[in-house]
Amino acid sequence: MPRKHRICISGATYHTTSRCIEKKHLMKLDKMKELMNYVLNMAQEKYKFELNNHTIMDNHFHFYITTLPDGENISRIMQFIKSQYARRYNRMTNRIGPFWNERFSDTIIELTSNPFYNFFYILFYIAYNPVRSHHVSDPRDYTYSGFKCYFDETYIPAVKITLHKYFLSLGNNFDERVKKLLEYEENFKKRIFSESIFS
């Protein structure tokens, strides 16, 4: 069966994810998560794109990436990240063989039925992965994520995070945006994250 054709759109927001081979926890050690941060920084130096958020877990990752009109497409960006990480990981650990379980999967936020709602739902879903996995109790405390950038204007992450346009639309200044985002987060945590909260 042929592989599904990847849709590459300039100026689109992609939620991408991929798992380690056989879902093994190959990225469990901090130094292996830090390696992914290193590779993400390499990718941002090489290609033009916005990293709007990321979460690096023990056996998979989630990225929020916005492609740019004068930048590379999502396939090229992700191919670079995944291949560079696998090559460096294998070299560091004296390992051979494939590292990733499959092609990366993606959702284009702007092509969903409600982009604004889905952007924030996925933002929280990604951020709360470490909470569900009992790494932290507050997603803002997880080191290998850009989530804290949306709440602390002074925070300097290990990887450059560009605040997404939907977040910027929440208010006229950072404090107004955070106040609204906290409302959305509370609704997400209560499992009543519905379109009505965006009115």
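Numbering-wise, my numbering comes out as the position in the sequence shown, counting from 1, plus 1479. Quick reminder that beta carbons are idealized off the backbone N, C-alpha and C, glycines included. Fair warning: this is a prediction, and the values are worked out from it, not measured in the lab.
Worksheet item: Nearest-angstrom Cα distance between residue 1502 and residue 1520?
Response: Translated into positions along the sequence shown, residue 1502 becomes position 23. Translated into positions along the sequence shown, residue 1520 becomes position 41. Roughly 25 Å between the two C-alpha positions.
Worksheet item: According to DSSP, which residues form a beta bridge with residue 1544?
Response: Here residue 1544 is taken as the residue at index 65 of the sequence shown, counted from 1. In DSSP, residue 1544 forms a bridge with 1493 and 1530.
Item to complete: Starting from residue 1554, trace the beta strand (DSSP E) both ways and give me its first and last residue.
Response: Along the sequence shown, one-based indexing puts residue 1554 at 75. Element bounds for residue 1554: not the beta strand (DSSP E) but the alpha helix (DSSP H), 1553–1572.
Fill in: Continuous beta strand (DSSP E) stretch holding residue 1587: start and end
Here the question's residue 1587 lines up with position 108 in the sequence shown. Start and end: 1584–1587.
Practice prompt. My understanding is that residue 1505 touches residue 1499, with C-beta atoms under 8 Å, so please give their C-beta distance in whole angstroms.
Written response: Taking the first residue of the sequence shown as position 1, residue 1505 is located at position 26. Taking the first residue of the sequence shown as position 1, residue 1499 is located at position 20. About 4 Å separates the two Cβ atoms, so the contact holds.
Practice prompt. Report yes if the CB atom of residue 1551 is closer than 8 Å to the CB atom of residue 1568, and no otherwise.
Written response: Residue numbering aside, residue 1551 sits at position 72 when the sequence shown is read from its first letter. Residue numbering aside, residue 1568 sits at position 89 when the sequence shown is read from its first letter. Contact: no.
Discussion item. Just to confirm before moving on: does the CB-CB distance between residue 1603 and residue 1588 stay below 8 Å?
Written reply: Counting from 1 along the sequence shown, the entry for residue 1603 is found at position 124. Counting from 1 along the sequence shown, the entry for residue 1588 is found at position 109. In this structure, residue 1588 does not lie closer than 8 Å to residue 1603 by Cβ.
Practice prompt. Please report the Cβ distance between residue 1534 and residue 1608, rounded to the nearest whole angstrom; I am assuming they are in contact, meaning their Cβ atoms lie under 8 Å.
Written response: Stepping through the sequence shown from its first residue, residue 1534 is reached at position 55. Stepping through the sequence shown from its first residue, residue 1608 is reached at position 129. That belief holds up - the Cβ atoms of residue 1534 and residue 1608 are roughly 5 Å apart, short of 8 Å.
Worksheet entry | For residue 1538, the nearest candidate out of 1618, 1496, 1663 and 1620 (CA to CA) | Counting from 1 along the sequence shown, the entry for residue 1538 is found at position 59. Measuring from the Cα of residue 1538, the nearest candidate turns out to be 1496.
Discussion item. Considering just the uninterrupted stretch of the alpha helix (DSSP H) at residue 1620, what are its terminal residues?
Written reply: If you number the sequence shown from 1, residue 1620 lands on position 141. Residue 1620 -> no alpha helix (DSSP H), and no H or E assigned at all.
Worksheet item: Is the Cβ-Cβ distance between residue 1618 and residue 1637 less than 8 Å?
Response: On the sequence shown, residue 1618 is found 139 positions in, with the first residue counted as 1. On the sequence shown, residue 1637 is found 158 positions in, with the first residue counted as 1. For residue 1618 and residue 1637, no; Cβs fall outside 8 Å.
Worksheet item: residue 1510: which of 1644, 1623 and 1640 sits nearest, CA to CA?
Response: The count along the sequence shown starts at 1 and reaches residue 1510 at position 31. Of the listed residues, the one whose Cα sits closest to residue 1510 is 1623.
Worksheet item: Assuming residue 1629 and residue 1646 make a contact with CB atoms under 8 Å, what is their CB distance in whole Å?
Response: Along the sequence shown, read from residue 1 onward, the residue named residue 1629 stands at position 150. Along the sequence shown, read from residue 1 onward, the residue named residue 1646 stands at position 167. Correct: roughly 6 Å between the Cβ atoms.
Worksheet entry | DSSP state of residue 1535 mapped onto helix, strand, coil | Start at 1 with the first residue of the sequence shown, and residue 1535 comes out as number 56. Looking at residue 1535 - three-state DSSP - the assignment turns out to be strand.
Worksheet item: Near residue 1576, which residues of its chain fall below 6 Å by C-beta distance, leaving aside the five closest residues on each side in sequence?
Response: As a first step, residue 1576 is located in the sequence shown; it is residue number 97 there, counting from the start. Answer for residue 1576: no residue qualifies.
Item to complete: Tell me, please, which residues DSSP counts as bridged to residue 1656.
Response: Stepping through the sequence shown from its first residue, residue 1656 is reached at position 177. Answer is none; residue 1656 lacks a bridge partner.
Worksheet item: What's the C-alpha gap between residue 1595 and residue 1542?
Response: Against the sequence shown, residue 1595 aligns to sequence position 116. Against the sequence shown, residue 1542 aligns to sequence position 63. Cα to Cα, the separation comes out at about 17 Å.
Practice prompt. With a 10 Å radius around its C-beta and 16 neighbouring C-beta atoms as the bar for buried, classify residue 1512 as buried or exposed.
Written response: As a working note, residue 1512 is residue 33 in the sequence shown. Flag for residue 1512 reads buried.
Fill in: Residue environment, residue 1664, which counts as buried when at least 16 other CB atoms sit within 10 Å
Looking up residue 1664 in the sequence shown gives position 185. Counting Cβ neighbours within 10 Å, residue 1664 comes out buried, since at least 16 surround it.
Worksheet item: When the Cα of residue 1558 is compared with those of 1529, 1625, 1518 and 1655, which residue comes out closest?
Response: Sequence index remark: in the sequence shown, residue 1558 carries index 79 (1-based). Checking every option, the nearest Cα to that of residue 1558 belongs to 1518.
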